[in-house]
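Notes to accompany the following structure.
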Amino acid sequence: MNLAEKEPVEAAFEPLLQFEMEMGAFLSDWQHCDQVSSFMARMISHNRTDPVRHSNFFSSALNELLEVSFRGGSPDGQIGCAVYRQGAKERVKLTFPCPPGQRQFYREAVSKTRRGNAYARYLDAISTDLAPSRDVVLLELAINFDADIRLEESDPPSITLVVDLPLEGIVS
Amino acid sequence: MSTSNLAAQFQADFDPNSQEFSLAGVIRPHSADEIATSLSMLREAIDNVRGVLYINVKRLVQMNNTAFHAFARVLLDACRVRSDLRFVVVTSSVVGWTERMFGHLNRIEPQVTVEVYDSKFYPGQSFVENTSFIPILRTQTKMTWRHERTILPRHGMRPGMAMADICCGIGDFALLVRKEFQPGRIVALDHSRASLAYARDVAAGFGIADIEYTYGDASEMLLEDNQFDFVTCRHSLQIFNQPDVLLKELYRICKPGGRVYITNEKNSHCLGEPRSKSIQWTYNEVAKLFSHFEMDVELGPKSRRYLADAGFDDILVESFMVTNLDGDPQDFADVITAWENVYAGEMAVKRGDPPEFIERFRQGFRDHIFAALHPKGYAGWPIWAASGRKPL
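Chains A and B, in that order, are what the protein sequence lines are. The first sequence begins at 1 in UniProt numbering and counts up by one. The second sequence begins at 1 in UniProt numbering and counts up by one.
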């Protein structure tokens, strides 16, 4: 997709909240995933139809994304997380520094969320994997949260996961 | 990573008597090793049960994929070696993602099924969540508000407070409190989607967007600990089969130093003149009828004991009488008509009462209406308002 095609869609999303942190500091404590996701969820959900339940859902999804960046990110650079809204949908843009060798992994992981066998792959992972890999976590977001996931690679060495979450419709 | 923080956030328990393994709180470990003790507990539970093991995740607020895969692994492995065993995962309709997440296990192993815990689990909820009751609930609140607007400040209600109205019903009390006391925040929770839809509609009609209406189970709320200065729960402990459980939740979400305010009735004390005997007989029967459905509409004067047993101090109790002389007597009569329709027309029928009993039962309500509308009559509905402070 080129920039000219993308911009009109981007313009329709209203920015809600953004946080940035040194990646090294973020990686110093696993609890940051829980703390950041809980705080951001509470803040952006206050004017949803059911703020408490929207916050619970959103925190669940955002925490998984932050855990993906925690497990796959490199300590140099910054992690940034911005949340936007368009109608019943929130968009999360999670940017984090990623080792060059990992970029192809994320391309494929995101691509798998759009394939026809996504649900079968997810069930297979629950059934056989000892622990969820990062690509299964993205699959889970697509399946349990109806997330639409894509990847932006505009500013190496960072990558940006762009995740649209239509949670208002699920919650209410 | 601090595993002690993680341990403080969640609880795992196994009750061998009910063959129930339960998970509650927030479970977001970095690796499965951090929840090894809980996983071992589940494995032991599986080894020690016969027939069916219940996996209770009603109070599971958050669970990451790492934890889900680890617990799912134990269940799916057990399915492969214990074909004699069924696993029933009990989720809450409030936490929607748990139903989705655990529902996948059934696609892998049919021995694992998911049941959604909902209002049907409460004995009398279908009566009180009946949408035909909505107009009369508005009238009831209008009548009690005349008293409560002066009572609430005595129990600690102040402008700017963070307030939660639990079992908010159609949300009219929250609207009135907002207008009168201007709390800094209001969360209003109820388990009836129809009532909440009505509440949101009314609020939107008035251009009010700052009341956070939320669907929830009052006995197992998603709300965090120690959040609110003032927690109200009106006319609800009395229609809940485990009022102590509900009160424990109200205590949990209240800030230390904050107060929980409850109102309840003693239905057998409803009164009227003339025709007092018929009225008294009927309301004695109302108390018995509710008791049949595991609800205690005599709870009002027991409020002090319930609050003390739940750990509150500085307990205040007072009572007030809503009467036909408060405003329009027809409002009082309309409320009694609604009671007659639900109590005699639905609940007594459901209990299997004979027609002659139901007719006498109805007569008491009609006599109460007669007293309310009589030019020299007096009709009353007593209510107990009580509050306690959560110790600092």
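Glycine is no exception: its CB is placed at the ideal position from the N, C-alpha and C atoms.
- Nearest CA to the CA of residue 47 (chain A): which residue from B:18, B:195, B:186? Of B:18, B:195, B:186, the residue nearest in Cα terms is B:186.
- Message: Please classify residue 97 (chain A) as buried or exposed, where buried requires at least 16 other C-beta atoms within 10 Å of its C-beta.
- Response: Per the 10 Å Cβ criterion, buried.
- Task: Output the boundary residues of the alpha helix (DSSP H) element that contains residue 276 (chain B).
- Result: Here the alpha helix (DSSP H) through residue 276 (chain B) covers 276-292.
- Task: Establish whether the CB of residue 108 (chain B) and some CB of chain A are separated by less than 8 Å.
- Result: Using a CB distance cut-off of 8 Å, residue 108 (chain B) counts as an interface residue toward chain A.
- To which residues of the same chain is residue 172 (chain B) closer than 6 Å at the C-beta, ignoring the five residues directly before and after it? Setting aside the 5 residues that flank it on each side, residue 172 (chain B) is surrounded in the same chain by 138, 141, each with a C-beta closer than 6 Å to its C-beta; the list follows chain order.
- Task: Compile a chain-ordered list of the residues in the region 103-123 of chain A whose CB is closer than 8 Å to at least one CB of chain B.
- Result: Within the region 103-123 of chain A, those residues whose Cβ lies closer than 8 Å to any Cβ of chain B are, in chain order, 122, 123.
- CB residue 385 (chain B) to CB residue 368 (chain B), shorter than 8 Å? No, these two residues do not count as a Cβ contact at 8 Å.
- Message: Rounded to whole angstroms, what is the Cα-Cα separation between residue 236 (chain B) and residue 383 (chain B)?
- Response: Between the alpha carbons of residue 236 (chain B) and residue 383 (chain B) lies a distance of about 12 Å.
- Between A:88, A:84, A:101, A:102, which lies nearest to residue 94 (chain A) when the distance is taken from Cα to Cα? Comparing Cα positions, the closest option is A:84.
- Rounded to whole angstroms, how far is the Cβ of residue 119 (chain A) from the Cβ of residue 140 (chain A), which I believe are closer than 8 Å? In this structure residue 119 (chain A) is not in contact with residue 140 (chain A), their Cβ atoms being roughly 11 Å apart against a cut-off of 8 Å.
- Can you tell which of A:24, A:40, A:35, A:33 has the C-alpha that lies nearest to the C-alpha of residue 18 (chain A)? Residue 18 (chain A) has its Cα closest to that of A:40, out of A:24, A:40, A:35, A:33.
- Query: Which chain A residues sit within Cβ distance under 7 Å of residue 100 (chain B)?
  - Reply: Those within 7 Å of residue 100 (chain B) in chain A are 144.
- Item | Cα-Cα separation between residue 268 (chain B) and residue 290 (chain B), rounded to whole angstroms | Answer to the nearest angstrom: the Cα atoms are 11 Å apart.
- Query: Using a Cβ cut-off of 9 Å, which residues of the region 47-74 of chain B contact any Cβ in chain A, in chain order?
  - Reply: Flagged, chain order: 61, 62, 63, 64, 65, 66, 68, 69, 70, 72, 73.
- Task: Closer than 6 Å by C-beta to residue 52 (chain A): which residues in its own chain qualify, once you throw out the five before and the five after it? Chain order, please.
- Result: Nothing listed; no residue qualifies.
- Through-space distance from residue 57 (chain A) to residue 233 (chain A), alpha-carbon basis: Chain A is shown from 1 up to 172; residue 233 (chain A) falls before or after that span and cannot be answered.
- Message: Going by DSSP in three states, residue 151 (chain A) sits in which element: helix, strand or coil?
- Response: Three-state DSSP puts residue 151 (chain A) in a strand.
- Query: Span of the beta strand (DSSP E) holding residue 189 (chain B)?
  - Reply: Start and end: 185-190.
- Item | Three-pair Cβ contact test at 8 Å for the region 201-213 of chain B versus the region 103-117 of chain B | No: fewer than three Cβ pairs fall under 8 Å.
- Task: My understanding is that residue 46 (chain B) touches residue 39 (chain B), with C-beta atoms under 8 Å, so please give their C-beta distance in whole angstroms.
- Result: So it is not a contact: roughly 11 Å between Cβ atoms.
- Task: Throw me the rounded Cβ distance for the residue 256 (chain B) and residue 226 (chain B) pair, which I believe falls under 8 Å.
- Result: Yes, they are in contact, since the Cβ atoms of residue 256 (chain B) and residue 226 (chain B) sit about 6 Å apart, within 8 Å.
- Between the region 9-29 of chain B and chain A, which residues of the former have CB atoms less than 9 Å from a CB of the latter, in chain order? Across the region 9-29 of chain B, CB contacts with chain A closer than 9 Å involve 9, 26, 28, 29, in sequence order along the chain.
- Endpoints, the beta strand (DSSP E) within which residue 255 (chain B) is located: For residue 255 (chain B), the enclosing beta strand (DSSP E) stretches over residues 254-265.
- Kindly list, in the order they appear in chain B, the residues whose Cβ is closer than 8 Å to that of residue 131 (chain A). Ordered by position in chain B, the residues that pass the 8 Å Cβ test against residue 131 (chain A) are 31, 32, 66, 69, 70.
- According to the Cβ coordinates, are residue 259 (chain B) and residue 362 (chain B) closer than 8 Å? Inclusion of residue 259 (chain B) and residue 362 (chain B) in the CB contact set at 8 Å is not warranted, their separation being larger than that value.
- So, residue 170 (chain B) versus residue 213 (chain B), is the Cβ gap smaller than 8 Å? Not closer than 8 Å, so no.
- Please report the Cβ distance between residue 166 (chain A) and residue 88 (chain A), rounded to the nearest whole angstrom; I am assuming they are in contact, meaning their Cβ atoms lie under 8 Å. Residue 166 (chain A) to residue 88 (chain A), Cβ: 6 Å. Contact.
- Residues near residue 7 (chain A) in its chain [Cβ-Cβ closer than 7 Å; skip 5 each side]: For residue 7 (chain A), the pLDDT reaches just 49, beneath the cut-off of 50, and the residue's location in the model is therefore unreliable, although a value from the coordinates is still provided. Nothing meets the Cβ criterion.
- Should residue 67 (chain A) be labelled buried (16 or more other beta-carbon atoms within 10 Å of its own) or exposed? Buried, because 16 or more other Cβ atoms sit within 10 Å of the Cβ of residue 67 (chain A).
- Item | Span of the alpha helix (DSSP H), counted from its first residue to its last, around residue 81 (chain A) | Per DSSP, residue 81 (chain A) belongs to no alpha helix (DSSP H); it is in the beta strand (DSSP E), 78-86.
- Simplified DSSP state of residue 112 (chain A), which is helix, strand or coil: Three-state DSSP puts residue 112 (chain A) in a helix.
- Nearest-angstrom Cβ-Cβ length linking residue 126 (chain A) and residue 72 (chain B), presumed shorter than 8 Å: With a Cβ gap of about 5 Å, residue 126 (chain A) and residue 72 (chain B) count as contacting.
- Item | 8 Å contact criterion, which residue 42 (chain B) and residue 74 (chain B) should meet: CB distance rounded | Beta-carbon to beta-carbon, residue 42 (chain B) and residue 74 (chain B) are separated by about 5 Å, close enough to satisfy the 8 Å threshold.
- Query: At what residues does the beta strand (DSSP E) containing residue 89 (chain A) begin and finish?
  - Reply: Counted as a single uninterrupted DSSP element, the beta strand (DSSP E) harbouring residue 89 (chain A) occupies residues 89-97.
- Query: DSSP on residue 56 (chain B), reduced to helix/strand/coil?
  - Reply: Residue 56 (chain B) falls in the strand class under three-state DSSP.
- Can you check whether the CB of residue 131 (chain A) is closer than 8 Å to the CB of residue 61 (chain A)? No.
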